[in-house]
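**Q**
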Amino acid sequence: MERELSLRHIVKLTWPTVISQTAVLVISLVDLFFVGQFGVSSVAAVSIAGVTWATFCNFFEGLRLGTATLTARYLGAGEPGKIKTLVRSGLAAAVIVGIILLIVGYHLTGLVYSFFGDPAVRQMGYEYLPILLFSGGFVLITFVSEGLFRGLKRPIIPMIITLVMHLTNACLDYIFTKGTFGLPRMGVRGVALATFIAHAFGALISLAVIAQFNVRWGMIKERVKEAGATIREYLAMVSNIGAYNGSIMFAMFLFTIIFGMLGASFVAAYEISHQVFLMAYIPSLAFMVTTSVIAGKLLGELRGHLVTRAALKIFAVAISMLSVLIIVQLLFAENIALLFCPHDKSVAMMAARAIRLATIEEVIVLGCLVLRGILNAAKDTFFLVIENLVLGYFVFLPLVYFMVIALKQGLVGGVIAAIIWATIDVSILISRVIIIKRRQLWAEMGRQGSGPHSQLK
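Residues 63 to 519 (our numbering) make up the sequence shown, in order.
(1) Per DSSP, what kind of secondary structure is F243 in: helix, strand or coil?
(2) Can you give the Cα-Cα distance for P345 and F445, rounded to whole angstroms?
(3) Sorted by chain position, which residues of the same chain lie with C-beta nearer than 7 Å to R212's C-beta, five sequence neighbours on each side aside?
(4) Could you give the C-beta distance for S82 and A330, rounded to a whole number, given that I count them as a contact under 8 Å?
(5) Please classify L163: is it buried, with 16 or more other beta-carbons within 10 angstroms of its beta-carbon, or exposed?
(6) Going by beta carbon distance, what residues of the same chain come within less than 8 Å of S309, once the five residues before and after it are set aside?
(7) Is Y296 near L132, with beta carbons less than 9 Å apart?
(8) Looking only at C-alpha atoms, which of D442, L428 and T147 sits nearest to R494?
(9) Taking only three categories from DSSP, how would you classify H405?
(10) Just checking my contact of A373 with A357 at CB under 8 Å: how many whole Å lie between their CB atoms?
(11) Can you grab the Cα-Cα spacing for the pair L340 / R365, in whole Å?
(12) Where L214 and P142 are concerned, what is the direct C-alpha to C-alpha distance, given to the nearest angstrom?
(13) If you reduce the DSSP assignment to three classes, tell me which class S197 lands in.
(14) Quick one: give me the first and last residue of the alpha helix (DSSP H) that F328 is part of.
(15) Compare the beta carbon distance of N438 and L94 with 9 Å and say whether it is the shorter of the two.
(16) Could you give the residue range of the alpha helix (DSSP H) that holds A480?
(17) If you draw a straight line from the alpha carbon of V226 to that of G264, how long is it in whole angstroms?
(18) What do you reckon, are the CB atoms on A156 and L202 nearer than 9 Å?
(19) Within 10 angstroms of the Cβ of A378, are there 16 or more other Cβ atoms? Answer buried if so, exposed if not.
(20) Can you give me the Cβ contacts of A305 inside the same chain, cut-off strictly under 6 Å, excluding the 5 residues immediately before and after it?
(21) Just to confirm my understanding: we take I388, look at its own chain, exclude 5 residues before and 5 after, and list those with CB closer than 8 Å. What are they?
(22) Return the CA-CA distance between L419 and C403, expressed in angstroms with no decimal places.
(23) DSSP state of L214, grouped into three classes?
(24) If you draw a straight line from the alpha carbon of A254 to that of S335, how long is it in whole angstroms?
(25) If you draw a straight line from the C-alpha of V250 to the C-alpha of C119, how long is it?
(26) Could you name the residues of the same chain whose beta carbon sits closer than 6 Å to that of T239, not counting the 5 residues immediately before and after it, in chain order?
(27) Can you look up L433 in the DSSP assignment and give me helix, strand or coil?
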């Protein structure tokens, strides 16, 4: 018991996921670096595409986090047959969504860029976003694979897949944009094509590894009646996690549209500062996953009284890592901004001011992520959906419009609105965890595996 709650065990479980998440961030920065060579319009177009892509990925984040959480819980409860059922369900969902994106990708691109008036931005967007959307099915397959092996406490496997996939992406970025090996220079389209090929490669590796997992557990099956219950439980968690993650990113998409009212320069500055914010946010997601996995296993083993203690230790490890990133951002904000926008110093300086201010948000958001990990493990995801919808659309977006447009505070005003949003969010999540703990429902949740409504009666 003490070993599972030790700092060494937490770090061992978390560091591969941190590296995986950091690799995702690094390849985004590499893409931005290559795109930045083509001018402000290209950066703005890719910013819009990036938020659209992130919204899609977050709506289906449940395939990764839901798989990890339930795998850990079933592992703790000694029910491997249920793990096989949820993996098959996740892969089927990935294939279906991938086919749909192949059909609607071009139409969705037209809808997204119809909100932006700059013709140069729209042209670049049409070259980039459809190719990205066509890779959606491949990405979701890797989500299921990552969730499976993180839940099995073997996070090194998805880490290796992620590193190979993104190294492939970076190499192809260079080849396609520089025109090496006799290929033509493809510009922004080349960056998108590199991402598509890398995602397809990652999906193939993921399927091969999952196949090996099936061979090892080949004779373990779940009865049809029980499998139906497992699938319903899985789909409910996937839907709720996707809804609250997706609602956040859709709010950020609308946030980008508001900046689009101010012109391409503001969108470009936002994209640079947002990518730097992700330097802290994406690695921090690993600690939400770790919290979900450890807390899920504790609840599956009916040891829910240890959840809060584990979460506090996870937060201590996380804040020590984040502090290093914050120091770098505070000291080198201008240098970082100029790296991604060397041709327009005014845009870079606008981004640098936002980068420094956003460090406050990063600390608060880290606390939110750990708390969300607890509530994911407790299957209180429906509450997270409602909370995100209310805060995102009735607090954050009106506040952004007021700060950015009405008060004319620009990008800094948008960051201040995000800080206020995060502060309210963390306060609500702390209150929710305290309420659940005071009602002494941890053991009941672990034993019954019930949904949020039954948990809070």
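We put the beta carbon where it would ideally sit given N, CA and C, even for glycine.
**A** Once the coordinates are examined:
(1) Numbered from 1 along the sequence shown, position 181 holds the residue referred to as residue 243. In the structure shown, F243 sits in coil (DSSP, three-state: anything other than H, G, I, E or B).
(2) Translated into positions along the sequence shown, residue 345 becomes position 283. Translated into positions along the sequence shown, residue 445 becomes position 383. Roughly 25 Å between the two C-alpha positions.
(3) Residue 212 sits at position 150 when you count from the first residue of the sequence shown. Excluding residues within five positions, the ones whose Cβ falls inside 7 Å are T79, A130, P220, V351 and V355.
(4) In the sequence shown, counting from the first residue as 1, residue 82 sits at position 20. In the sequence shown, counting from the first residue as 1, residue 330 sits at position 268. Their Cβ separation, rounded to whole angstroms, is 28 Å, which puts S82 and A330 out of contact at 8 Å.
(5) For this step, residue 163 is matched to residue 101 along the sequence shown. When all chains shown are included, L163 counts as buried.
(6) In the sequence shown, residue 309 corresponds to position 247, counting from 1. Taken in chain order, the residues that qualify are V447, N450, L451, G454 and Y455.
(7) In the sequence shown, counting from the first residue as 1, residue 296 sits at position 234. In the sequence shown, counting from the first residue as 1, residue 132 sits at position 70. Yes, the Cβ-Cβ distance between Y296 and L132 is below 9 Å.
(8) Start at 1 with the first residue of the sequence shown, and residue 494 comes out as number 432. Taking only the C-alpha atoms, the option nearest R494 is D442.
(9) Taking the first residue of the sequence shown as position 1, residue 405 is located at position 343. Three-state DSSP puts H405 in coil, outside helix and strand.
(10) Translated into positions along the sequence shown, residue 373 becomes position 311. Translated into positions along the sequence shown, residue 357 becomes position 295. Confirmed, Cβ separation roughly 7 Å.
(11) Locating residue 340 in the sequence shown gives position 278, where the first residue counts as 1. Locating residue 365 in the sequence shown gives position 303, where the first residue counts as 1. Near 34 Å, if we compare the C-alpha coordinates of R365 and L340.
(12) Here residue 214 refers to the residue found at position 152 when the sequence shown is read from its first residue. Here residue 142 refers to the residue found at position 80 when the sequence shown is read from its first residue. Cα to Cα, L214 sits roughly 10 Å from P142.
(13) The sequence position of residue 197 within the sequence shown is 135, counting from 1. It is coil, neither helix nor strand.
(14) Taking the sequence shown and counting its residues from 1, one reaches residue 328 at position 266. Start and end: A326 to G362.
(15) As a position in the sequence shown, residue 438 is number 376, starting the count at 1. As a position in the sequence shown, residue 94 is number 32, starting the count at 1. For N438 and L94, no; Cβs fall outside 9 Å.
(16) For the purposes of this step, residue 480 is taken as the residue at position 418 of the sequence shown. Counting along the chain, the alpha helix (DSSP H) containing A480 begins and ends at G472 to R500.
(17) Translated into positions along the sequence shown, residue 226 becomes position 164. Translated into positions along the sequence shown, residue 264 becomes position 202. Cα to Cα, the separation comes out at about 8 Å.
(18) For this step, residue 156 is matched to residue 94 along the sequence shown. For this step, residue 202 is matched to residue 140 along the sequence shown. Going by C-beta atoms, A156 is nearer than 9 Å to L202.
(19) As a working mapping, residue 378 is identified with position 316 in the sequence shown. So A378 ends up on the exposed side.
(20) Your numbering for residue 305 matches position 243 in the sequence shown. Cβ neighbours of A305 beyond the five flanking positions: V447.
(21) The sequence position of residue 388 within the sequence shown is 326, counting from 1. Hits under 8 Å: A342, T421, E424 and V425.
(22) To locate residue 419, count along the sequence shown from 1; it is residue 357. To locate residue 403, count along the sequence shown from 1; it is residue 341. Their backbone Cα atoms lie some 19 Å apart in a straight line.
(23) What you label residue 214 is simply residue 152 of the sequence shown in a count that begins at 1. If DSSP states are grouped into helix, strand and coil, L214 belongs with coil.
(24) Numbered from 1 along the sequence shown, position 192 holds the residue referred to as residue 254. Numbered from 1 along the sequence shown, position 273 holds the residue referred to as residue 335. Cα-Cα distance, rounded: 21 Å.
(25) Taking the first residue of the sequence shown as 1, we reach residue 250 at position 188. Taking the first residue of the sequence shown as 1, we reach residue 119 at position 57. Cα to Cα, V250 sits roughly 21 Å from C119.
(26) The count along the sequence shown starts at 1 and reaches residue 239 at position 177. So the qualifying residues of the chain are F96 and G252.
(27) Taking the sequence shown and counting its residues from 1, the one referred to as residue 433 is at position 371. Reduced to three states, the DSSP call for L433 is helix.
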